[in-house]
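Going line by line, the protein sequences match chains A and B. Counting along the first sequence from 1, when you hit position 137 you're at 168 in this note's numbering, and nothing is skipped either side. Counting along the second sequence from 1, when you hit position 145 you're at 176 in this note's numbering, and nothing is skipped either side. Report on the following structure.
Number of protein chains: 2
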Amino acid sequence: MADFSEERQIFTEFLKRKGLKTTRERTALLKEIFSTHKHFDADDLVDRMREMGGQKVSRATVYRTLELLHECGLVGRVRLNEEKYRYERLRKGEHHDHLICTGCGKVMEFAEPRIEELQEEVCRRWDFHPISHAHQIRGLCSICHRKAEKSRPERQQPA
Amino acid sequence: MADFSEERQIFTEFLKRKGLKTTRERTALLKEIFSTHKHFDADDLVDRMREMGGQKVSRATVYRTLELLHECGLVGRVRLNEEKYRYERLRKGEHHDHLICTGCGKVMEFAEPRIEELQEEVCRRWDFHPISHAHQIRGLCSICHRKAEKSRPERQQPA
DNA sequence: TTCATTGCAAATCCTTTGCATCTCG
DNA sequence: CGAGATGCAAAGGATTTGCAATGAA
């Protein structure tokens, strides 16, 4: 039973401001999205809505709603060298960047304020006015790395 | 007359190692890619090859070759919240990250070793073994920012 | 000669859109 | 009631792939 009353209010006000409507589909999606903190893609969400057996929501509406949630800052949307977008709920003070394991696909979040500071410094240097940033590190998590070590038959040639 | 003999050698050896062939299409693409240091997408490259009037190369081959060049580390491939991949040649010691202007699309490169260091620290903290990373900051360049300031009719409501 | 490569067109993948039908406000 | 929303299926755009013909080693 996650509490998403705050998000619901933010969303409703955002919609009102834009002259849009608070429909049951939109509310159901918001609820589902804020019920976990996992990363997900549009397809995952379509499936989850289907399985939940509650309000039925079409794929088109899922995409349209994710767009709105992204626009009002409740949902983050990232696509890094991938076919599809990955989404995640955003809550106050939860900003973070990502470690992505190319072995098992696991996504780990990290926060490093000192990096954020340096970013700002870089922007000042260029007179650049940042709106958002994405910072992802790809590699192997400890588990996949260990596996890779073991199954390596011989040394690789250097790059 | 850019010198790309080193890259050509790297590519040839990479191909040989994999039992692949050094065709004139592949060589022509390598040459074209290393003739400038601009960012480009697959379409740009197709056009450039067409205009150059040299070796004709089909779109499919462009994609297939970019994949190989990326695999052997000669070409970087990044897609951040965009429809298509953006490529760039990679040369030793030229690593950098990107400032992307959402106003005019301009891409600026920046290098900040202190950020790289902090990244490594983060990875150590998670026992994560990095292979690559992408770090992009989106916002407005000074020119677009100035334009936006001028055309703003009134204050925006806070988020 | 032989096996990889090429170009073409068709296929894929994810996402967006047009339109007739519903529904919130 | 009327503007906006939904669902469906069809459209879109970038990238990938099957296959017959071509070419590098």
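Even for Gly, the Cβ is constructed at its ideal location relative to N, Cα and C.
Alpha carbon to alpha carbon, how far is A:R108 from B:F65?
Residue mapping note: residue 108 of chain A aligns to position 77 of the first sequence, counting from 1. Residue mapping note: residue 65 of chain B aligns to position 34 of the second sequence, counting from 1. Computed Cα separation, rounded: 33 Å.
State yes or no: is the beta carbon of B:R110 nearer than 8 Å to at least one beta carbon in chain A?
Indexing the second sequence from 1 puts residue 110 of chain B at position 79. B:R110 counts as touching chain A.
Would DSSP call A:S163 helix, strand or coil?
For the purposes of this step, residue 163 of chain A is taken as residue 132 along the first sequence, with counting starting at 1. Of the three classes helix, strand and coil, the one that applies to A:S163 here is strand, per DSSP.
If we call anything under 8 Å between Cβ atoms a contact, is A:A176 one with B:H160?
For the purposes of this step, residue 176 of chain A is identified with residue 145 of the first sequence, where counting begins at 1. For the purposes of this step, residue 160 of chain B is identified with residue 129 of the second sequence, where counting begins at 1. Per the sequence shown, residue 176 of chain A should be read as His rather than Ala. In contact: A:H176 and B:H160 (Cβ atoms closer than 8 Å).
Taking only three categories from DSSP, how would you classify A:F42?
Your numbering for residue 42 of chain A matches position 11 in the first sequence. A:F42: helix per DSSP, three-state reduction.
If contacts are defined as beta-carbon pairs under 8 Å, then B:E56 and B:V88 qualify, I think. What distance do you get, rounded to the angstrom?
For this step, residue 56 of chain B is matched to residue 25 along the second sequence. For this step, residue 88 of chain B is matched to residue 57 along the second sequence. Yes, they are in contact, since the Cβ atoms of B:E56 and B:V88 sit about 5 Å apart, within 8 Å.
Could you tell me which chain A residues have their CB closer than 7 Å to the CB of B:V153, listed as they occur along the chain?
For the purposes of this step, residue 153 of chain B is taken as the residue at position 122 of the second sequence. By Cβ distance, chain A contributes F141, E143.
Distance check for B:F35 and B:E151, CA to CA, integer angstroms please.
Position 120 of the second sequence, counted from the first residue, corresponds to residue 151 of chain B. Position 4 of the second sequence, counted from the first residue, corresponds to residue 35 of chain B. Answer to the nearest angstrom: the Cα atoms are 31 Å apart.
Work out the CA separation of B:E38 and B:E44 for me, nearest whole Å.
Indexing the second sequence from 1 puts residue 44 of chain B at position 13. Indexing the second sequence from 1 puts residue 38 of chain B at position 7. Cα to Cα, B:E44 sits roughly 10 Å from B:E38.
Identify every residue that forms a DSSP beta bridge with B:L130.
As a first step, residue 130 of chain B must be located in the second sequence, where it is residue number 99. The partner list for B:L130 (beta bridge, DSSP) reads B:M139, B:I168.
C-alpha gap between B:M83 and B:A59, whole angstroms
The count along the second sequence starts at 1 and reaches residue 83 of chain B at position 52. The count along the second sequence starts at 1 and reaches residue 59 of chain B at position 28. Between B:M83 and B:A59, the C-alpha separation is close to 10 Å.
Going by DSSP in three states, A:L110 sits in which element: helix, strand or coil?
Stepping through the first sequence from its first residue, residue 110 of chain A is reached at position 79. With the sequence shown as reference, residue 110 of chain A is identified as Arg, and Leu is not the correct amino acid for it. In the structure shown, A:R110 sits in coil (DSSP, three-state: anything other than H, G, I, E or B).
Proximal chain B residues relative to A:C172, where beta-carbon distance stays under 7 Å:
Numbered from its first residue, the first sequence carries residue 172 of chain A at position 141. Neighbours of A:C172 on chain B, chain order: F159.
Beta-carbon proximity list for B:H68, same chain, < 7 Å, skipping 5 on both sides:
For the purposes of this step, residue 68 of chain B is taken as residue 37 along the second sequence, with counting starting at 1. R120.
Is there a C-beta anywhere in chain A that falls below 8 Å from the one on B:R217?
Chain B is shown from 32 up to 190; residue 217 of chain B falls before or after that span and cannot be answered.
CB of B:R117 within 8 Å of CB of B:H166, strictly
Reading the second sequence from its first residue, position 86 is the one you call residue 117 of chain B. Reading the second sequence from its first residue, position 135 is the one you call residue 166 of chain B. The answer is no: Cβ separation not under 8 Å.
Check the Cβ of B:I162 against every Cβ in chain A and list those closer than 9 Å, keeping chain order.
Residue 162 of chain B sits at position 131 when you count from the first residue of the second sequence. Within 9 Å Cβ-Cβ: T133, I168, R169, G170, L171.
What does B:L149 touch in chain A if you count any residue whose Cβ is under 9 Å from its own?
Walking along the second sequence from the start, residue 149 of chain B turns up at place 118. Ordered by position in chain A, the residues that pass the 9 Å Cβ test against B:L149 are E143, R145, I146, L149.
From A:C154 to B:R169, what does the alpha carbon distance come to, in whole angstroms?
Mapped onto the first sequence, residue 154 of chain A falls at position 123. Mapped onto the second sequence, residue 169 of chain B falls at position 138. Roughly 10 Å between the two C-alpha positions.
Beta carbon proximity, A:A73 to chain B, threshold 8 Å:
Here residue 73 of chain A refers to the residue found at position 42 when the first sequence is read from its first residue. Not one chain B Cβ lies under 8 Å of A:A73.
Excluding five sequence neighbours on each side, which residues of the same chain lie with their C-beta closer than 8 Å to the C-beta of A:I146?
Taking the first residue of the first sequence as position 1, residue 146 of chain A is located at position 115. Closer than 8 Å at Cβ, skipping near neighbours: D128, H166.
Any idea which residues DSSP pairs A:E119 with across the strands?
Locating residue 119 of chain A in the first sequence gives position 88, counting from the first residue. Answer is A:G107, bridged to A:E119.
Can you list, in chain order, the residues of its chain whose CB lies under 6 Å from that of A:H101, leaving out five sequence neighbours each side?
Mapped onto the first sequence, residue 101 of chain A falls at position 70. Contacts found: R108.
Does the beta carbon of A:L97 sit closer than 8 Å to a beta carbon anywhere in chain B?
Mapped onto the first sequence, residue 97 of chain A falls at position 66. Cβ-Cβ to chain B under 8 Å: no for A:L97.
Applying the criterion that 16 or more other CB atoms from any shown protein chain within 10 Å of the CB defines a buried residue, is B:E23 buried or exposed?
No answer is possible for residue 23 of chain B: the residues shown for chain B start at 32 and end at 190.
Express the C-alpha separation of A:M139 and B:G85 in angstroms, rounding to a whole number.
Here residue 85 of chain B refers to the residue found at position 54 when the second sequence is read from its first residue. Here residue 139 of chain A refers to the residue found at position 108 when the first sequence is read from its first residue. The straight-line gap from Cα to Cα measures roughly 47 Å.
Just how far apart, CA to CA, sit A:C135 and A:Q40?
Residue numbering aside, residue 135 of chain A sits at position 104 when the first sequence is read from its first letter. Residue numbering aside, residue 40 of chain A sits at position 9 when the first sequence is read from its first letter. Rounded to the nearest angstrom, the two C-alpha atoms are 37 Å apart.
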